[in-house]
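According to the UniProt record's numbering, the sequence shown is numbered sequentially starting from 1.
One structure is given below, encoded as structure tokens.
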Amino acid sequence: MANTTSAKKAVRKIARRTAVNKSRRSRVRSFVRKVEEALAAGDKTAAEEAFKAAQPELMRAAGKGVLHKNTASRKVSRLAQRVKTLGA
């Protein structure tokens, strides 16, 4: 357990930051799930719309440090590839 004042403050800050990051991560997963569901249904227009909404959300999470930049780019790339092959 934290004893010093600064350690107690750090615990509070970490808890607050964890809650924010958890919320952001959940938001990203929701957007990605919408793309996945549209892909599974075979609905190209819905998949494209969901992808257009998910892409900035993924990159925003990377910018905020919730996801690594390369991880977000990889997820965007793979989703884009799947959306593209859906129409072909």
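Ideal placement from N, C-alpha and C gives every residue a C-beta, glycine not left out.
Query, Result
"Endpoints, alpha helix (DSSP H) assigned at F59", "According to the sequence as given, residue 59 is Met; it is not Phe. Looking at the DSSP string, the run of the alpha helix (DSSP H) that includes M59 is 44-64."
"T18 - DSSP class collapsed to helix/strand/coil", "helix"
"Selection from K69, F31, A19 that minimises the alpha carbon distance to L79", "F31"
"Local conformation of L86 per DSSP, three classes", "helix"
"Short Cβ contact (8 Å threshold) for R24 with A61", "yes"
"Own chain residues within Cβ distance below 7 Å of A38, not counting five before or after", "A46, A47, A50"
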